[in-house]
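Participant: There's a structure below that I have some questions on.
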Amino acid sequence: MRHLGARITRIEPGRVHIVLPARPEVTQQHGYFHAGATTAVADSAGGYAAYTLFPENTEVLTVEYKINLLAPATGDHVEAVGTVLKAGRTLSVAQLEVFAVQADGARKLVANGQQTLIRVNGPER
């Protein structure tokens, strides 16, 4: 996320927001946010949202995710929101939403999806 320039802007149990500012390195040839960058922040938002509900000494890995790109993403930044729908002992499911946000604060849903995550034991310390 550091390489992309993304940052977490909100954390609460089962929900995380990540903002990715617009810059040439995360756009494609038409100036829209690249789908790879958009889905990377969505994946991380869902993963961290699940992680907020895990016990200490555990880690999170994505098992699978599916994203629908609903509209070209343009604006000041995109905001990915991961929300846990079901937190299980081993597998969790999160909803993924990505909004294109303009400088004036106008928001448009540009991608949505669903993700399955697995809880794994962390390294022994």
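When you line the sequence shown up against our numbering, it's residues 169 to 293, in that order.
Glycine is no exception: its CB is placed at the ideal position from the N, C-alpha and C atoms.
Computed from a predicted model, the values in this text were never measured in an experiment.
If you draw a straight line from the alpha carbon of E227 to that of L285, how long is it in whole angstroms?
Facilitator: Start at 1 with the first residue of the sequence shown, and residue 227 comes out as number 59. Start at 1 with the first residue of the sequence shown, and residue 285 comes out as number 117. One C-alpha to the other measures close to 10 Å.
Participant: What residue from A255, V187, H202 and A174 has the CA that sits closest to R287's CA?
Facilitator: What you label residue 287 is simply residue 119 of the sequence shown in a count that begins at 1. Checking every option, the nearest Cα to that of R287 belongs to A255.
Participant: Considering only the beta carbon of each residue, do Y216 and T242 sit closer than 8 Å?
Facilitator: Locating residue 216 in the sequence shown gives position 48, counting from the first residue. Locating residue 242 in the sequence shown gives position 74, counting from the first residue. No, Cβ-Cβ distance for Y216 and T242 is not below 8 Å.
Participant: Does DSSP classify G250 as helix, strand or coil?
Facilitator: Start at 1 with the first residue of the sequence shown, and residue 250 comes out as number 82. G250: strand per DSSP, three-state reduction.
Participant: In chain order, what residues of the same chain have a beta carbon less than 8 Å from the beta carbon of V261, not counting five sequence neighbours either side?
Facilitator: Numbered from its first residue, the sequence shown carries residue 261 at position 93. Once the five neighbours on either side are set aside, the close Cβ partners of V261 are V252, L253, K254, Q282, Q283, T284 and L285.
Participant: What does the alpha-carbon distance come out to for the pair T220 and R183?
Facilitator: For the purposes of this step, residue 220 is taken as the residue at position 52 of the sequence shown. For the purposes of this step, residue 183 is taken as the residue at position 15 of the sequence shown. Their Cα atoms are separated by approximately 8 Å.
Participant: Could you check if G214 is buried or exposed, using at least 16 other CB atoms within 10 Å of its CB as the buried criterion?
Facilitator: Here residue 214 corresponds to residue number 46 of the sequence shown, with the count starting at 1. Result: buried.
Participant: Can you give me the Cβ contacts of Q270 inside the same chain, cut-off strictly under 7 Å, excluding the 5 residues immediately before and after it?
Facilitator: Translated into the one-based positions of the sequence shown, residue 270 becomes position 102. Taking Q270 as the centre and dropping the five residues before and after it, the same chain places the C-beta of G243 and D244 closer than 7 Å to its C-beta, in chain order.
Participant: Does the region 186 to 198 come into contact with the region 223 to 238, if we say contact requires no fewer than three beta-carbon pairs (one atom in each stretch) closer than 8 Å?
Facilitator: no
Participant: Can you tell me whether DSSP reads E193 as helix, strand or coil?
Facilitator: As a first step, residue 193 is located in the sequence shown; it is residue number 25 there, counting from the start. Three-state result, E193: helix.
Participant: Helix, strand or coil, according to DSSP, for A208 in the structure here?
Facilitator: Position 40 of the sequence shown holds residue 208. The answer is helix: DSSP assigns A208 an H, G or I state.
Participant: Use the C-beta contact count for D272: other C-beta atoms within 10 angstroms, 16 or more gives buried, fewer gives exposed.
Facilitator: Along the sequence shown, read from residue 1 onward, the residue named residue 272 stands at position 104. Counting Cβ neighbours within 10 Å, D272 comes out exposed, since fewer than 16 surround it.
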